[in-house]
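Structure, as structure tokens:
Protein chains: 6
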Amino acid sequence: MTLLAEQTTTEAATALERADVAVLPVGSTEQHGPALPLGMDHMAAEAFAKTAQERDDAVVLPTIPVGVSVHHRQFDGTLYVSEGTFEAFVRETLESLAEHGCQKAVLVNGHGGNSNALRSVARTLRDEETMFAPPWNWWDSVGDLADELFEEEGGHADAMESSVLWHVREDLIRPTELEAAESGASDGWGESIHGASLGFDTIDFSESGAVGKPTHASPDAGAQLFEAARDELHALLDWLVERPLEACWPRGHV
Amino acid sequence: MTLLAEQTTTEAATALERADVAVLPVGSTEQHGPALPLGMDHMAAEAFAKTAQERDDAVVLPTIPVGVSVHHRQFDGTLYVSEGTFEAFVRETLESLAEHGCQKAVLVNGHGGNSNALRSVARTLRDEETMFAPPWNWWDSVGDLADELFEEEGGHADAMESSVLWHVREDLIRPTELEAAESGASDGWGESIHGASLGFDTIDFSESGAVGKPTHASPDAGAQLFEAARDELHALLDWLVERPLEACWPRGHV
Amino acid sequence: MTLLAEQTTTEAATALERADVAVLPVGSTEQHGPALPLGMDHMAAEAFAKTAQERDDAVVLPTIPVGVSVHHRQFDGTLYVSEGTFEAFVRETLESLAEHGCQKAVLVNGHGGNSNALRSVARTLRDEETMFAPPWNWWDSVGDLADELFEEEGGHADAMESSVLWHVREDLIRPTELEAAESGASDGWGESIHGASLGFDTIDFSESGAVGKPTHASPDAGAQLFEAARDELHALLDWLVERPLEACWPRGHV
Amino acid sequence: MTLLAEQTTTEAATALERADVAVLPVGSTEQHGPALPLGMDHMAAEAFAKTAQERDDAVVLPTIPVGVSVHHRQFDGTLYVSEGTFEAFVRETLESLAEHGCQKAVLVNGHGGNSNALRSVARTLRDEETMFAPPWNWWDSVGDLADELFEEEGGHADAMESSVLWHVREDLIRPTELEAAESGASDGWGESIHGASLGFDTIDFSESGAVGKPTHASPDAGAQLFEAARDELHALLDWLVERPLEACWPRGHV
Amino acid sequence: MTLLAEQTTTEAATALERADVAVLPVGSTEQHGPALPLGMDHMAAEAFAKTAQERDDAVVLPTIPVGVSVHHRQFDGTLYVSEGTFEAFVRETLESLAEHGCQKAVLVNGHGGNSNALRSVARTLRDEETMFAPPWNWWDSVGDLADELFEEEGGHADAMESSVLWHVREDLIRPTELEAAESGASDGWGESIHGASLGFDTIDFSESGAVGKPTHASPDAGAQLFEAARDELHALLDWLVERPLEACWPRGHV
Amino acid sequence: MTLLAEQTTTEAATALERADVAVLPVGSTEQHGPALPLGMDHMAAEAFAKTAQERDDAVVLPTIPVGVSVHHRQFDGTLYVSEGTFEAFVRETLESLAEHGCQKAVLVNGHGGNSNALRSVARTLRDEETMFAPPWNWWDSVGDLADELFEEEGGHADAMESSVLWHVREDLIRPTELEAAESGASDGWGESIHGASLGFDTIDFSESGAVGKPTHASPDAGAQLFEAARDELHALLDWLVERPLEACWPRGHV
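Protein chains in written order, with the UniProt record's numbering: chain A, 1 to 254; chain B, 1 to 254; chain C, 1 to 254; chain D, 1 to 254; chain E, 1 to 254; chain F, 1 to 254.
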């Protein structure tokens, strides 16, 4: 109901008056191995964000589809911007929203590589007392369930991501390619040598671009994960709506 | 067929090998008066861009939905980033695409406020010999037809834009609000005093946010405009495909 | 009488107390074909600006002689700075003036390529409520007269510019070269292909560097244009002087 | 033997000819609760780095004592610079070293808040093929040992850090304050609400500034941790010395 | 003869082919006490630069009239830009000139506050091997003569500057105000407390804005200083013309 | 007693409450010829700064060991960062200190190349009314004594610097190399041609990297210089402590 971009400015006035929190989906367009589409991360973020359409107390912003993916650049189709540019784009978008009176948001994130930039956005907006906008990575909210469902360390285009994509965009999973994804995958993210993390690019440690056990994916696991994460997101939105704005701002010097 | 974000990296390798040109839709999320949705500009850009899906020689990139709209900031729902941030986001996205071998693109633009940034992107990419990526404003390609169809100077949320939206997203036009849009509209863009242009913000000269004659809009006019502009876009793509890359780069010193 | 640079600081205190508005001439040093000097644009801007010396309510700032002319770089003698640098130079100059209490100015501009940067300067200064400083392009104020005088689309080193130079710096026109300028000129600015603007550099579409009908120039036409534009400038200054400062600042959110 | 700053330029020429790798200690000056000195992180980094003095194949650079510690700013004595400034300072320092022919380094890091900036430095230097300079966080190399020694999740001024400080700067531990540190400590870093990480500043979740079980610290545990981590660092240096430079640079497009 | 801005592009081609060196006058518009005009520094620079018009081996660029004068901001009429903006403006102007084949220049400077920025410009252009462009402060070339002529430490709007202005712009000196300038002047620049330099702004140590003995000025001293400095400038130009370009670039690592 | 980095946050609260002024040592790691260590400048700065430990009214910050030394880059072991990065690092460090209530500092500087950046830091902090932090170059405070002690113009790794190093770090002087330093030294800094300063890099005018008469150095002269400069520093600290904060901020417009 309340996709901001589908409202007129007059309707937006009403919606923003009523809403306590905005939802901004951000992701990436980057390689996810041979079985998942490049848009995996922004598609998942958008799917979670759109579940907030049903809420009167939230508005859903348009999806930012390109993110911080330089480490996937050796694989075809990967698009990326620098961390600084991504951070500025997200921060300025939210600063413009705040001019209309909305001072809370959730950054619904589909891509781990965006995390540092999003934390930085959230810190800046909070320090300025412009907006309280914590990032929410969908996979962080359902780590325990994923551990139950799959035996994988994973990290990219793995059973967890593949399942969720299977659920939200069934038309875009290539089940016959999951085998190829897995046979060229590494078990875990990066490469650690005596305590130093050395996997700068995915190509340094994964041949197919995947990390984990993609063949363990299933649409049913995807449905479970999606629903569980969605519930967490809505619980977070409830919590945010309740929280007084003054309690959101930074604490003073001790 | 070839929305890049829906391809896997393996498929993207094939698609990018075959394709000669990319299409990047860019727009804005900003007030368009009481009758049109905030997403007008990125929705139109996306609609034009997606007509290139049918072509084997093109790939369509995901839509960038927020642009340079500071001058609409007094109207609810308007989102914006600075010109520098928008320019960097678009340029870096295209630079990452060029790493996969694609060196031609059309920037399908739905928002006049983006024009200067897009020209700057195109200049930089050309001067670096990274990519030849001219901006294409859909309305610039069908100016004569619009003059035939409507008697308006227009410029924003006018008969021309309203008609095209009516055609591409019939569900999002609010026909009953066109009257209100027009009664609060100005005739032309900005305000000129003795040769100086003084309309810094839309609110300086338009009460409803619209500029032009929205009530003159019709779905039929929208269909005509859309088809004519689409044909121009495809003619441009044909021309670009044919043009040797060497002919695209800057000329040397005289 | 009141060229700021010729005043002492003590006299400037008086002049700035009395003056309501500053006049800043900006232009470029760039190719203007074989018949006009490289300094055309800053010379014209300076000539217009200096007509404000006679006014007690204005101070005239020193001329900034280099501008945004990268698109002329293939022609000998063209100097340029980036848009960002030009914008910062103009903006900071005006911000320093504002510290002395002057909060209105006209940016008397002689070069179209500077326009975007000047609009951006004016927006920033207005949004900060530092200064109200609209750009004024001399040619925009006399478009109708030029249409009467010449049959040309024009755009650069054309009949209009040549005439004005002939009037303000008769010693620097090369009448015998107007023919060469015209024979190598294009009719209009740039090159449009199916709605995309493709003339990135002047050299892409003009052999001589001129655009228009330089041979149509005459000192008499120059005198008419100069006087008409000067009158518009002074009307603008009158208007600015009258306008209350509060009416100059941005309007609030609707 | 080879602290670079103690060499003359003539001696440095010899040392840099002989050395294959540089060691740059970086840390912070920030609150570490009531029992540890503000310089904890740069002191630990320096202590580890100086163990490389004994090696002919390494040079040790001077310590950078201030880092990315904005999240500790509410506690007295915390110094910090922005992530961008820290990153530039470290990167430019290493770029200047590379001019003398040294193209490998280890960034011996004592502060978790520096990690993102250091990864970014390492990526840039590698992508430019200027230097291969992986960050090494001392605590990452001895996680298993710490798990054996202490029952804590920890994260800041905890048993692990306190022990190492006790070992390297016995004069600067305040054992009588460990109780106070612990009584005001949180168990783990930050605060997670439905998958969103919400502890922006340490003050948001820890009263004393510590996170973990400081009272579990002991000089003996410190000695074990220090020696184990030092061995890992030297193994990393050995590995780096052996690794051909060509194997260090980024891989090409697939 | 060869003021670049007065040439056409065709003539500039010839002039730049023939010329070995460019001359760029830079100064400021800032308070010079009650007896000298605000434009003192750019007027002097321009006067010296224009003496190079007579040379076939030099081209004179247009004058940049605003500089790094923040420390004079409390006095009416002072204009200034930041050091970074000034540096960028000068450097980019010269980089654009270099595209036409001119790789030597003298930065004829009239304002001490510009010095650091100009040294930085010169270093960058030299390190890039774009241009060899040493700054030349007119007063530095005639220090001995000034010591002979006047008994002053001086530093700003002093006998030396006043004399030169008297010579180059006799119409703009206010001889009756020299007394007032001197009575409110300090003897030397700034204020030193136990080795620390504490005069941040001129207003901190000079009431009139002048530093030195303005009343010692005379048109005759001005003529002597001007001629002596002009001779030094031309000797420098001769030296530069003779010097092979390869001898101008930075030396390699020892 | 009060090295900030050795205090806990609790102790720092007390120390900062009691202290009126901070002392920040900054220097460089750069060639100082064959007789002095690369760390000369930061070692001297640190030695002077640490004499303030004894004072209850001061806190000593950790030493920043790398500075603006690009002009020494051709000599082995020289490290450097850009002026902008150095300035940001110092300024942000002090801004973070000011959050704890300390608004006065002395920038104890050991390297002439840092001076412009430090002046800029001091100006910015003062203009913001964040902190009054004048730079103090140790050699500037004892110029007369140095003139008495040595017959040299000097400027780098000269008798003055060598003597002070001999005093503060006797273990790091190489007395047998002073001869070599001097035989390859220039007499004075840089190279002046007709008033233009042309020595961009030390290598342009000094073979050994030294400038002056290193053989004139002695530990006794070093002791005299050190004590005299230390006394000046403490007199400056006394003066600063006494000075009311309001007297430190910039004066208003005249």
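Yeah, the Cβ is synthetic: ideal placement off N, Cα and C, and Gly gets one too.
Small disclaimer: the values here were computed from a predicted structure and weren't measured.
Which value, in whole angstroms, describes the spacing of the CA atoms of residue 134 of chain B and residue 170 of chain C? On the second sequence, residue 134 of chain B is found 134 positions in, with the first residue counted as 1. On the third sequence, residue 170 of chain C is found 170 positions in, with the first residue counted as 1. Approximately 40 angstroms, taken between the alpha carbons.
Taking the alpha-carbon of residue 15 of chain C as reference, which of C:53, C:30, C:49 has the nearest alpha-carbon? Within the third sequence, numbered from 1, the residue matching residue 15 of chain C stands at position 15. Comparing Cα positions, the closest option is C:53.
In chain order, which beta strand (DSSP E) runs of at least 3 residues are fully inside the segment 103-146 of chain C? 105-109, 135-137
In chain order, what residues of the same chain have a beta carbon less than 8 angstroms from the beta carbon of residue 126 of chain E, not counting five sequence neighbours either side? As a working note, residue 126 of chain E is residue 126 in the fifth sequence. Closer than 8 angstroms at Cβ, skipping near neighbours: 132, 133, 248, 249, 250.
Are residue 138 of chain A and residue 110 of chain A touching if we call contact CB-CB under 8 angstroms? One-based indexing of the first sequence puts residue 138 of chain A at position 138. One-based indexing of the first sequence puts residue 110 of chain A at position 110. Their beta carbons are under 8 angstroms apart, which means residue 138 of chain A touches residue 110 of chain A by this criterion.
For a test of your reading of the model: does the CB of residue 180 of chain F fall under 7 angstroms from any non-hydrogen atom of the ligand COA? Yes or no. Although the ligand COA was asked about, the structure shown includes no ligands whatsoever.
Alpha carbon of residue 173 of chain D to alpha carbon of residue 164 of chain D, nearest angstrom: On the fourth sequence, position 173 is the one that residue 173 of chain D refers to. On the fourth sequence, position 164 is the one that residue 164 of chain D refers to. Cα to Cα, the separation comes out at about 10 angstroms.
For residue 123 of chain B, return the contacting residues in chain C, with the cut-off set at a CB-CB distance below 7 angstroms. On the second sequence, residue 123 of chain B is found 123 positions in, with the first residue counted as 1. Result: 200.
What does residue 100 of chain C touch in chain E if you count any residue whose Cβ is under 8 angstroms from its own? Taking the third sequence and counting its residues from 1, one reaches residue 100 of chain C at position 100. What residue 100 of chain C touches in chain E: 76, 77, 78.
Helix, strand or coil at residue 96 of chain E according to DSSP, with G and I counted as helix: For this step, residue 96 of chain E is matched to residue 96 along the fifth sequence. Of the three classes helix, strand and coil, the one that applies to residue 96 of chain E here is helix, per DSSP.
What residues from chain F crowd round residue 174 of chain D, counting only those whose CB sits closer than 7 angstroms? Counting from 1 along the fourth sequence, the entry for residue 174 of chain D is found at position 174. Residues of chain F passing the Cβ test: 8.
What are the start and end residues of the beta strand (DSSP E) that includes residue 168 of chain E? Residue 168 of chain E sits at position 168 when you count from the first residue of the fifth sequence. Careful: residue 168 of chain E lies outside any beta strand (DSSP E), inside the alpha helix (DSSP H) at 159-168.
Leaving out the 5 sequence neighbours to the left and right, which residues in its chain are closer than 8 angstroms to residue 76 of chain B when beta-carbon positions are compared? As a working mapping, residue 76 of chain B is identified with position 76 in the second sequence. Around residue 76 of chain B: 31.
Cβ of residue 166 of chain A within 8 angstroms of Cβ of residue 222 of chain A? As a working mapping, residue 166 of chain A is identified with position 166 in the first sequence. As a working mapping, residue 222 of chain A is identified with position 222 in the first sequence. Cβ atoms of residue 166 of chain A and residue 222 of chain A: closer than 8 angstroms.
When you check each C-beta in the segment 129-162 of chain A against every C-beta of chain D, which residues fall closer than 8 angstroms? 134, 135, 136, 137, 138, 140, 141, 142
Tell me which residues of the segment 237-251 of chain B have at least one Cβ-Cβ distance to chain C shorter than 8 angstroms, keeping chain order. 239, 250, 251
For a contact defined as C-beta to C-beta under 7 angstroms, what are the partners of residue 253 of chain A on chain D? For the purposes of this step, residue 253 of chain A is taken as residue 253 along the first sequence, with counting starting at 1. What residue 253 of chain A touches in chain D: 74.
Just the Cα atoms here: how many angstroms apart are residue 181 of chain B and residue 213 of chain B? Taking the first residue of the second sequence as 1, we reach residue 181 of chain B at position 181. Taking the first residue of the second sequence as 1, we reach residue 213 of chain B at position 213. For residue 181 of chain B and residue 213 of chain B, the distance between alpha carbons rounds to 8 angstroms.
Distance between beta carbons of residue 159 of chain D and residue 217 of chain D, contact taken as under 8 angstroms: As a position in the fourth sequence, residue 217 of chain D is number 217, starting the count at 1. As a position in the fourth sequence, residue 159 of chain D is number 159, starting the count at 1. That pair is a contact at about 5 angstroms.
For chain D, is any of its Cβ atoms less than 8 angstroms away from the one on residue 178 of chain F? Here residue 178 of chain F is taken as the residue at index 178 of the sixth sequence, counted from 1. Not one chain D Cβ lies under 8 angstroms of residue 178 of chain F.
For residue 144 of chain C, count the other beta carbons within 10 Å of its own beta carbon; 16 or more makes it buried, fewer makes it exposed. Which is it? Against the third sequence, residue 144 of chain C aligns to sequence position 144. Flag for residue 144 of chain C reads exposed.
Alpha-carbon spacing of residue 56 of chain B relative to residue 70 of chain A, whole angstroms: Numbered from its first residue, the second sequence carries residue 56 of chain B at position 56. Numbered from its first residue, the first sequence carries residue 70 of chain A at position 70. Roughly 27 angstroms separates the two Cα atoms.
Alpha carbon to alpha carbon, how far is residue 84 of chain B from residue 120 of chain C? Give it in angstroms, no decimals. As a working mapping, residue 120 of chain C is identified with position 120 in the third sequence. As a working mapping, residue 84 of chain B is identified with position 84 in the second sequence. C-alpha separation (whole angstroms): 11 angstroms.
Can you tell me where the alpha helix (DSSP H) holding residue 237 of chain D begins and where it ends? Residue mapping note: residue 237 of chain D aligns to position 237 of the fourth sequence, counting from 1. Taken as a continuous stretch (DSSP letters only), the alpha helix (DSSP H) holding residue 237 of chain D covers 219-242.
The alpha helix (DSSP H) with residue 45 of chain F in it runs from where to where? The residue you call residue 45 of chain F lines up with position 45 of the sixth sequence. 40-50 is the span of the alpha helix (DSSP H), which, as asked, contains residue 45 of chain F.
Strand pairing of residue 192 of chain A, partner residues [DSSP]: Position 192 of the first sequence, counted from the first residue, corresponds to residue 192 of chain A. Answer is A:197.
Alpha helix (DSSP H) segment containing residue 58 of chain C, residue limits: Within the third sequence, the letter at position 58 stands for residue 58 of chain C. It is not in any alpha helix (DSSP H) - residue 58 of chain C instead sits in the beta strand (DSSP E) that spans 58-60.
Please state whether the Cβ-Cβ distance between residue 33 of chain B and residue 210 of chain B is less than 8 angstroms. Here residue 33 of chain B refers to the residue found at position 33 when the second sequence is read from its first residue. Here residue 210 of chain B refers to the residue found at position 210 when the second sequence is read from its first residue. For residue 33 of chain B and residue 210 of chain B, yes; Cβs fall inside 8 angstroms.
Quick one: grab the DSSP three-state call for residue 186 of chain D. Stepping through the fourth sequence from its first residue, residue 186 of chain D is reached at position 186. Correct three-state label for residue 186 of chain D: strand.
Is the CB of residue 16 of chain F under 8 angstroms away from at least one CB in chain D? Taking the sixth sequence and counting its residues from 1, one reaches residue 16 of chain F at position 16. It does; some Cβ of chain D falls within 8 angstroms.
Using DSSP with H/G/I as helix, E/B as strand and the rest coil, what is residue 84 of chain F? Translated into the one-based positions of the sixth sequence, residue 84 of chain F becomes position 84. Residue state, collapsed to three classes: helix.
Could you have a look at residue 66 of chain F and say whether DSSP puts it in helix, strand or coil? Locating residue 66 of chain F in the sixth sequence gives position 66, counting from the first residue. Coil at residue 66 of chain F, not helix or strand.
Just the C-alpha distance for residue 206 of chain B and residue 48 of chain A, rounded to the nearest angstrom, thanks. Along the second sequence, one-based indexing puts residue 206 of chain B at 206. Along the first sequence, one-based indexing puts residue 48 of chain A at 48. Roughly 37 angstroms separates the two Cα atoms.
With DSSP collapsed to three states, give me the class of residue 24 of chain F. Position 24 of the sixth sequence holds residue 24 of chain F. Three-state result, residue 24 of chain F: strand.
In this structure, how does DSSP classify residue 4 of chain C when only helix, strand and coil are distinguished? Counted from its first residue, the third sequence places residue 4 of chain C at position 4. If DSSP states are grouped into helix, strand and coil, residue 4 of chain C belongs with the helices.
Residue 91 of chain E versus residue 124 of chain E - alpha carbon distance: Numbered from its first residue, the fifth sequence carries residue 91 of chain E at position 91. Numbered from its first residue, the fifth sequence carries residue 124 of chain E at position 124. Looking at the two C-alpha atoms, the distance is approximately 8 angstroms.
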